[in-house]
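Chemist:
Residue numbers (the UniProt record's numbering): 1 to 100.
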């Protein structure tokens, strides 16, 4: 884990919101529950709708979060789904307690 990349990824309000939304996908993306469920995470289209940003901006934000190791993606057909990487958050939490 590159600590600088993680903190850069966390330095944007919308990216923080996305991570918060992905923490409780059933609560934050009820529309998806009716159609696809959450086995693979949350569809990028649902994140885009909630964020109110362009698809390219949301995709860029998700790539940054993924590069930092904070989210994982799964491709199913033409759709890409994202979910938090909870293991990375545990490692980050331990690192903050130990080093900062």
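Note that beta-carbon positions come from the ideal geometry of N, C-alpha and C, so glycine has one too.
1) Restricting to runs no shorter than 4 residues, where is the alpha helix (DSSP H) found entirely within the UniProt domain "HTH arsR-type" (1-100)?
2) Could you check if residue 29 is buried or exposed, using at least 16 other CB atoms within 10 Å of its CB as the buried criterion?
3) Leaving out five residues on either side along the sequence, give the residues of the same chain with a beta carbon under 8 Å from the beta carbon of residue 9.
4) For residue 55 and residue 96, what's the separation of their Cα atoms in angstroms?
5) Within its chain, find whatever has a CB closer than 7 Å to the CB of residue 33; leave out the 5 residues flanking it on each side and keep chain order.
Modeler: The short version:
1) 3-9, 13-23, 25-28, 30-35, 44-51, 55-67, 86-99
2) buried
3) 15, 64, 65, 67, 68, 70
4) 33 Å
5) 26
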